[in-house]
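Student: Position 48, counted from 1, in the sequence shown is what numbering that gives the first Met the number 0 calls 47; the numbers after and before it change by one each time, with no gaps.
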Amino acid sequence: MNGLSASDPSHRDGLSIAVEPWGDGELSRRREALQRLSRLVDKMPLEQVAALLATRRNNFLGTERAAVIAPVADPVSSPATLNPHGELIETAARAAGLRTARVASETLRASHIGTVGLRIDLPGQPMFYHRQSFYFATAEGGLGQFLNGSITPVLGLKHQGKERVHSVGGPTPPGALFHRKQIGAALAYAATLQGEVCIKPNASANGHRVYPRLRTAEDIVEALIANAAVYEDIVVEESFGGEAWRFFYVKPDIIGIKVGRAASVIGDGENSLHQLIASENSARAARSGHAASKRLPGGIIRDMMLRRQNVGLDTVIPRGRRIFLSPCSNGSQGAESLALPDLLHPTYSAWMLEIFRAMPELHAGAADVMIQQPLQPDRSAFQVIEINIAPSLLAFHYPGTGPVQDVAGAIVAMLQRLASKGA
């Protein structure tokens, strides 16, 4: 127990975005619109489809729409500095008595010039931690095999990784994979889905261009266009509601558990939404250290959330009303991380441990799981969205609420056990 009561309603506030009841004929109208659009898209460039959408979007959000508050990119590490994840691993390794060295990434992989990797001198088997992934060192001192071995390229792709989870008995949302030139087919498939829809790249990180909780045909098309502009392969799947939990696995156990609260602000009855966002961003900017939250997100994901809540940037939000700016639980998208495992029935952890252990190649990774009944075990009420093989460590070491969970220390201890077996 962590001393934070699961019965305190303030801890659960805002952890789940309610799924609105579907109106009479709403799903059938969406299906018909997507079917029409799928035929239309096959006959015109995506730029023309995007132009058709623009007329529906203009002026909805009010006169402040031009003041887009865009996500802030992570600062690029200087050649002499590790990123914060590497610093945590370095500290844990040194605390365990291991020698470490910072290595310029261009000596490891030419495409990553300007960043820094970490070498950990384990007995008989040096390893590298580079861009949040672990590698065995080659005899020449370069990057060798991934720590997670042959499962790495599988779990590194969202659709293929989900299929692997499903193959070992994990519940996953139905979905399909499409090339960027198959937008018509993707829309036709989306028309067959019965609830909210998620559109995302098959290969991306930090929630980039991930659009869950889509309800309308227009939002689905807009998300597909945004993905096709950047990524080759796109996943279309059912969006499963509930609370967004992450389980951090370090073989052989789950070491960290957290829940994400999507980016949001709470009204005071006086200020407009634009003013509330600006105030919250100022407060976040004033915080220092790794615990500081990212700025609140902007762009089409925010626009979509505001439309479904029927508010614009000029709207004065009533006191106490929470307005969500994103449906995503990623810290990089402005979400808060709460280390509150007491808010979750332990049976879910046991189920996730079975899934992790059914993949013996997996030594370290973090599963993103949506849970609809967190205090009541129900196998039909949770789904594994993906297992991340290069997960962030920061939310477990610098949570917004709750105790530190030392995943970096657990990883180093696991590496030591692995090295001793190979010695």
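Here a beta-carbon is modelled for each residue, glycine too, at the ideal position from N, C-alpha and C. From a predicted model like this one, the values you see are computed outputs, not experimental measurements.
Out of A95, R28, R35 and V40, state which residue places its alpha-carbon closest to the alpha-carbon of A409.
Tutor: Sequence index remark: in the sequence shown, residue 409 carries index 410 (1-based). Closest by alpha carbon: A95.
Student: Per DSSP, what kind of secondary structure is W350 in: helix, strand or coil?
Tutor: One-based indexing of the sequence shown puts residue 350 at position 351. W350: helix per DSSP, three-state reduction.
Student: Whole angstroms is fine: what's the gap from L117's alpha carbon to Q382's?
Tutor: As a first step, residue 117 is located in the sequence shown; it is residue number 118 there, counting from the start. As a first step, residue 382 is located in the sequence shown; it is residue number 383 there, counting from the start. Answer to the nearest angstrom: the Cα atoms are 34 Å apart.
Student: Using the C-alpha atoms, what's the distance from P326 back to L14?
Tutor: For the purposes of this step, residue 14 is taken as the residue at position 15 of the sequence shown. For the purposes of this step, residue 326 is taken as the residue at position 327 of the sequence shown. Looking at the two C-alpha atoms, the distance is approximately 10 Å.
Student: Can you find the residues in the same chain that come closer than 8 Å, C-beta to C-beta, to M0, ignoring five residues on each side of it along the sequence?
Tutor: Start at 1 with the first residue of the sequence shown, and residue 0 comes out as number 1. For M0, the predicted structure reports a pLDDT of 37, less than 50, and the residue's modelled location is therefore unreliable. The matter cannot be settled from this model.
Student: For I265, which residues of its own chain have a beta-carbon under 6 Å away from its beta-carbon, when the five flanking residues on both sides are left out?
Tutor: For the purposes of this step, residue 265 is taken as the residue at position 266 of the sequence shown. Result list for I265: R321, in chain order.
Student: For M424, list the residues DSSP reports as bridge partners.
Tutor: Residue 424 lies beyond the range of the chain shown here (0 to 422); nothing can be said about it.
Student: Under a Cβ-count criterion, where at least 16 other Cβ atoms within 10 Å of its own Cβ denotes burial, should Q375 be classed as buried or exposed?
Tutor: Translated into positions along the sequence shown, residue 375 becomes position 376. Looking at its Cβ environment, which holds fewer than 16 other Cβ atoms inside 10 Å, Q375 is exposed.
Student: For G297 and S419, what's the separation of their Cα atoms in angstroms?
Tutor: Looking up residue 297 in the sequence shown gives position 298. Looking up residue 419 in the sequence shown gives position 420. Their Cα atoms are separated by approximately 48 Å.
Student: Can you tell me whether Q332 is helix, strand or coil according to DSSP?
Tutor: Position 333 of the sequence shown, counted from the first residue, corresponds to residue 332. Helix at Q332.
Student: Count the other CB atoms within 10 Å of the CB of Q332; is the residue buried (16 or more) or exposed (fewer)?
Tutor: Position 333 of the sequence shown holds residue 332. The residue in question, Q332, is buried, as its Cβ has 16 or more Cβ neighbours within 10 Å.
Student: Does L213 come out as helix, strand or coil in the three-state DSSP assignment?
Tutor: The residue labelled residue 213 in the question sits at position 214 within the sequence shown. DSSP places L213 in strand when its eight states are reduced to three.
Student: Quick check: the segment 160-173 against the segment 343-363, are at least 3 beta-carbon pairs closer than 8 Å?
Tutor: Contact holds: three or more Cβ-Cβ distances are below 8 Å.
Student: Taking the alpha-carbon of V411 as reference, which of R93, L26 and V40 has the nearest alpha-carbon?
Tutor: Taking the sequence shown and counting its residues from 1, the one referred to as residue 411 is at position 412. For V411, the nearest C-alpha among the options comes from R93.
Student: Would a C-beta distance cut-off of 7 Å place L295 and A334 closer than the cut-off?
Tutor: Translated into the one-based positions of the sequence shown, residue 295 becomes position 296. Translated into the one-based positions of the sequence shown, residue 334 becomes position 335. Result no, Cβ atoms of L295 and A334 do not sit closer than 7 Å.
Student: Around the C-beta of R28, are 16 or more other C-beta atoms found within 10 angstroms, so that it is buried, or is it exposed?
Tutor: Translated into the one-based positions of the sequence shown, residue 28 becomes position 29. With fewer than 16 Cβ atoms within 10 Å of its Cβ, R28 is classed as exposed.
Student: Are there three or more Cβ pairs, one per stretch, closer than 8 Å when the segment 202-220 is compared with the segment 247-259?
Tutor: Too few Cβ pairs lie closer than 8 Å, so no.
Student: Measuring only the C-alpha atoms, how far is P390 from V229?
Tutor: Sequence index remark: in the sequence shown, residue 390 carries index 391 (1-based). Sequence index remark: in the sequence shown, residue 229 carries index 230 (1-based). Computed Cα separation, rounded: 22 Å.
Student: For E236, name the three-state secondary structure that DSSP assigns.
Tutor: One-based indexing of the sequence shown puts residue 236 at position 237. Reduced to three states, the DSSP call for E236 is strand.
Student: Does the separation of the CB atoms of A338 and G401 fall below 7 Å?
Tutor: For this step, residue 338 is matched to residue 339 along the sequence shown. For this step, residue 401 is matched to residue 402 along the sequence shown. Yes. Within cutoff.
Student: Roughly how many angstroms lie between the CA atoms of L312 and L272, to the nearest whole one?
Tutor: For the purposes of this step, residue 312 is taken as residue 313 along the sequence shown, with counting starting at 1. For the purposes of this step, residue 272 is taken as residue 273 along the sequence shown, with counting starting at 1. Taking the straight line from one Cα to the other gives about 5 Å.
Student: Does DSSP put R64 in a helix, in a strand, or in coil?
Tutor: One-based indexing of the sequence shown puts residue 64 at position 65. Reliability fails at R64, whose pLDDT of 31 lies under 50, so the model's placement of it is uncertain and the value that follows must be treated cautiously. Helix at R64.
Student: Would you kindly work out how many angstroms separate the C-alpha atoms of E139 and I119, rounded to a whole number?
Tutor: The residue given as residue 139 occupies position 140 in the sequence shown. The residue given as residue 119 occupies position 120 in the sequence shown. If I take the Cα positions, the gap works out to 15 Å.
Student: Using the Cα positions of R260 and G123, report the straight-line distance between them to the nearest angstrom.
Tutor: Indexing the sequence shown from 1 puts residue 260 at position 261. Indexing the sequence shown from 1 puts residue 123 at position 124. Rounded to whole angstroms, R260 to G123 spans 43 Å at the Cα level.
Student: Does DSSP put I299 in a helix, in a strand, or in coil?
Tutor: As a first step, residue 299 is located in the sequence shown; it is residue number 300 there, counting from the start. The answer is helix: DSSP assigns I299 an H, G or I state.
Student: Starting from E385, follow its DSSP beta bridges and name the residues at the other end.
Tutor: As a working mapping, residue 385 is identified with position 386 in the sequence shown. Paired residue(s): D367.
Student: Could you give the distance in angstroms between the alpha-carbon of Q404 and the alpha-carbon of E279?
Tutor: As a first step, residue 404 is located in the sequence shown; it is residue number 405 there, counting from the start. As a first step, residue 279 is located in the sequence shown; it is residue number 280 there, counting from the start. Cα-Cα distance, rounded: 27 Å.
Student: Can you give me the C-alpha to C-alpha distance between V67 and Q193, rounded to a whole angstrom?
Tutor: The sequence position of residue 67 within the sequence shown is 68, counting from 1. The sequence position of residue 193 within the sequence shown is 194, counting from 1. Interpretation of V67 is limited by its pLDDT of 30, a score under 50 that renders its predicted location unreliable; the figure taken from the coordinates is listed afterwards. Their backbone Cα atoms lie some 33 Å apart in a straight line.
Student: Taking the C-alpha atoms as reference points, what is the distance between G399 and N147?
Tutor: On the sequence shown, position 400 is the one that residue 399 refers to. On the sequence shown, position 148 is the one that residue 147 refers to. Rounded to whole angstroms, G399 to N147 spans 29 Å at the Cα level.
Student: On the three-state DSSP scale, how would you describe E242?
Tutor: Here the question's residue 242 lines up with position 243 in the sequence shown. Looking at E242 - three-state DSSP - the assignment turns out to be strand.
Student: According to DSSP, is R98 part of a helix, a strand, or is it coil?
Tutor: The residue labelled residue 98 in the question sits at position 99 within the sequence shown. Strand, per DSSP.
Student: Just the Cα atoms here: how many angstroms apart are V102 and N82?
Tutor: Indexing the sequence shown from 1 puts residue 102 at position 103. Indexing the sequence shown from 1 puts residue 82 at position 83. Looking at the two C-alpha atoms, the distance is approximately 12 Å.
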